[in-house]
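Reviewing the structure listed below.
Number of protein chains: 2
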Amino acid sequence: MQELKDRIRKDGIVKDGSVLKVDKFLNHQIDAKLLKHIAEEYKRRFEGEEITKILTIEASGIAIAIMVALEFDVPLVFAKKNKTKNIAGSVYTTPVESFTHGTTYDIIVSKDFLKPEDKVLIIDDFLANGKALQGLITLVKAAGAEIVGAGVVIEKGFQPGGDFIRNEMGVRLESLAIVESMTVEGGVVFKE
Amino acid sequence: MQELKDRIRKDGIVKDGSVLKVDKFLNHQIDAKLLKHIAEEYKRRFEGEEITKILTIEASGIAIAIMVALEFDVPLVFAKKNKTKNIAGSVYTTPVESFTHGTTYDIIVSKDFLKPEDKVLIIDDFLANGKALQGLITLVKAAGAEIVGAGVVIEKGFQPGGDFIRNEMGVRLESLAIVESMTVEGGVVFKE
């Protein structure tokens, strides 16, 4: 997606060779109009597919996913990272390893909101090692629902997460910008 | 806002007399179209005001706030609840007491995204004791920016948060549904 790649080149900041900061427009300050265009792009890419639900994970995935939900006219469900008092009843849950924070956390979705008849499009902002996305796939499978595909805004193509999900898990994965390499000096090179 | 009140009556669940669960349409599963209508309602209520930025707090505020940001055609900034590796540099921060979780956490916004010239509309899903909203107001004031107002989807009118923000803090607060009282048996009574 050209508009996204242009924006990453303009406003993304590469730190330490492996961290790509996009918090000027994607995950701290957020450009709503860019997200609308991202949602329209997913609508084009998954045209003709039957989708009944969008699934994402808190927090920064939510902004993108709600725009996609509006575009497809279906509900959004977001997985929570820790069980709160306010989720009562039965849940689907699985542990996810976080490289950013060096911890493992549980992700949780109420059984009320993922049903065997659901056809789910999973949306997230970033894909690196792919652990969060794998966790979401696990929840959908636990519910007996169908995974139509996954849409990721930025994929770090030099980390193994994306290929594992495509090849080993057999999930259709649409990344709108795949970073092939990046350096502090040279910036970002996208896979074409 | 009638559509919202109708939806709360239909799908909201009162637990233990003081917990109002709206996770079927507002903060776990989310109805994107309802959120669009909510954003349009804020646009009407703050018509004629100059607004340069929407501010909310992760996680469930984000879905509503990004819709509002799209409606006003300005960026959204969301305060984070814990400092992550990926927020470098200077931040505004303040502690917030959580009654839901019985803990205190810090909320954080990068100084890059709140400037003295900003005119900020704060958006959140719930207002009860008002501590999260007060925290957001503190961050805006720390930045030297102007608070145009605050928009809350559901206010628990029987808790003191809303009146404190209106009367003691002098902030224009627009709540789309104010719960006057609620019981497990009788459901929700709204303030008219």
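Heads up: the sequence lines are chains H and L, in that order. Quick note: the first sequence uses the numbering used here, first residue 1, plus one each step. Quick note: the second sequence uses the numbering used here, first residue 1001, plus one each step. For each residue, glycine too, the CB sits at the ideal point set by N, CA and C. Keep in mind that this is a model prediction, so the values were computed, not measured.
- Residues of chain L whose Cβ lies closer than 7 angstroms to the Cβ of Glu-58(H) are, in chain order, Glu-1058 and Ala-1059.
- No Cβ of chain L is located within less than 8 angstroms of the beta carbon of Gln-2(H).
- Identification of residues in the segment 144 to 173 of chain H having a C-beta nearer than 8 angstroms to some C-beta of chain L yields an empty set.
- For Asp-1118(L), none of the residues of chain H pass the 7 angstroms Cβ criterion, the least Cβ distance being about 11 angstroms.
- Leu-1133(L) does not reach chain H, its nearest Cβ partner there being about 18 angstroms away, counting only Cβ pairs nearer than 8 angstroms.
- At the C-beta level, Phe-1072(L) and Ile-1057(L) stay beyond 8 angstroms of one another.
- Going by DSSP, Thr-138(H) is part of no beta strand (DSSP E) but of the alpha helix (DSSP H) stretching over 131 to 142.
- Taking CB atoms only, Phe-1126(L) has no neighbour in chain H less than 8 angstroms away.
- Residue range 119 to 127 is occupied by the beta strand (DSSP E) that includes Ile-122(H).
- Just measuring C-alpha positions, the residue of Gly-1017(L), Val-1109(L) and Val-1068(L) sitting nearest Asp-23(H) is Val-1109(L).
- Annotated three-state conformation of Gly-61(H) is helix, per DSSP.
- Identification of chain H residues near Ile-1066(L) by a Cβ-Cβ cut-off of 9 angstroms yields Ile-30, Ala-32, Leu-35, Ile-62, Ala-63, Ile-64, Ile-66 and Met-67, ordered along the chain.
- Contact annotation: the segment 57 to 68 of chain H touches the segment 31 to 40 of chain H, with at least three C-beta pairs closer than 8 angstroms.
- Excluding five sequence positions before and after Ala-1132(L), the CB atoms of its chain that fall closer than 6 angstroms to its own CB belong to Ile-1057 and Val-1096, given in chain order.
- In the three-state DSSP reduction, Glu-1180(L) falls in the strand class (E or B).
- In the DSSP annotation of this structure, Asp-1016(L) is not part of any beta strand (DSSP E), being labelled neither H nor E.
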